[in-house]
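Numbering (full-length UniProt numbering), first residue to last: 1 to 299.
Below is one structure; the comments refer to it alone.
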């Protein structure tokens, strides 16, 4: 029995066309990169003196970027942990057998998924003080990230849990396991492996959304770069503007790449663990007959 696929296996001519298309695409990309670099060199943006400011401690640039990077990672870490835990609880609530719990979880999820994150942050920072609650910029930003992303993550968790074959849940219940045990020991471990790429993608989005703290005065990475631009502009004009924003962008890219690599490592480890557990579960007893069945029957 052959495994069904969504497309035909390419033949020799199709493979040749794919190779040609790949080469043409690579040449176009290289040409575009060369054009951009040429323009930047013509404007003096590639001069070493302009980039040296990023590493000169006397200018305060490395210190400011480092401090704002720590602030960004702090608010992102709080948002990731709390939003993930709250999203998991909301997903379980939406799958609950109690109608009231399902309704409340669904209302929360649909409400915060429908509202732009920036509006949520504005409401926490500017509206709550009218009612006597005065959150700091960190609390407002972290709260907005948690409220919005927990609703999105809840749907990701719910979809992952529902993707597990119903027979596994029924079999676990048939063995006498409680519903909480079925969820934590059977469904969630399998669903997490399936959801991991999507979960990491959403956490990367959360990390990038932390730059919205710029709007309410939270001193995160983007605002730090902006403050440096404002500091240098009166004395040097826009001489270092490009370099400072590129540095901030590269820091975001490095963090997101590292986060993706960590996710890939965890996914590979969980896959190997699952395979090892499966092999261990079906291991033959030590006295099992090996070889041809006829030979085993005559010995």
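For every residue, glycine included, the Cβ atom is placed at its ideal position computed from N, Cα and C.
- Per DSSP, residue 64 is one residue of the alpha helix (DSSP H) stretching across 61-94.
- A direct Cα-to-Cα measurement between residue 251 and residue 211 gives close to 12 Å.
- Taking the Cβ atoms as the reference, residue 140 lies roughly 4 Å from residue 124, within the contact range of under 8 Å.
- Just measuring C-alpha positions, the residue of 207, 261, 159 and 21 sitting nearest residue 80 is 207.
- Selection 150, 100, 107 and 24 evaluated against residue 78 yields 150 as nearest (Cα-Cα).
- Across the set 118, 156, 58 and 135, the C-alpha of 156 shows the shortest separation from the C-alpha of residue 83.
- Cβ neighbours of residue 187 within its own chain (closer than 8 Å, five residues either side excluded): 161, 164, 168 and 169.
- Burial state of residue 71 is buried, judged by a 10 Å Cβ sphere holding 16 or more other Cβ atoms.
- Taking C-beta atoms as the reference points, residue 240 and residue 228 count as a pair closer than 9 Å.
- A direct Cα-Cα distance of roughly 19 Å separates residue 153 from residue 264.
- CA-to-CA, the gap between residue 255 and residue 175 works out to about 45 Å.
- The segment 242-250 and the segment 48-65 touch, with three or more beta-carbon pairs separated by less than 8 Å.
- Residues 90 and 151 of the same chain have their beta carbon placed closer than 7 Å to that of residue 108, with the five preceding and five following residues left out of the count.
- In this structure, residue 87 keeps its C-beta atom at 9 Å or more from the C-beta atom of residue 120.
- Within the segment 190-241, there are no complete beta strand (DSSP E) runs of at least 3 residues.
- Rounded to whole angstroms, the separation of the alpha carbons of residue 61 and residue 33 is 27 Å.
- In the structure shown, the three-state DSSP call for residue 46 is coil.
- Apart from sequence neighbours up to five positions away, the residues of its chain that approach residue 225 with a beta-carbon distance below 6 Å are 244, 245 and 248, ordered along the chain.
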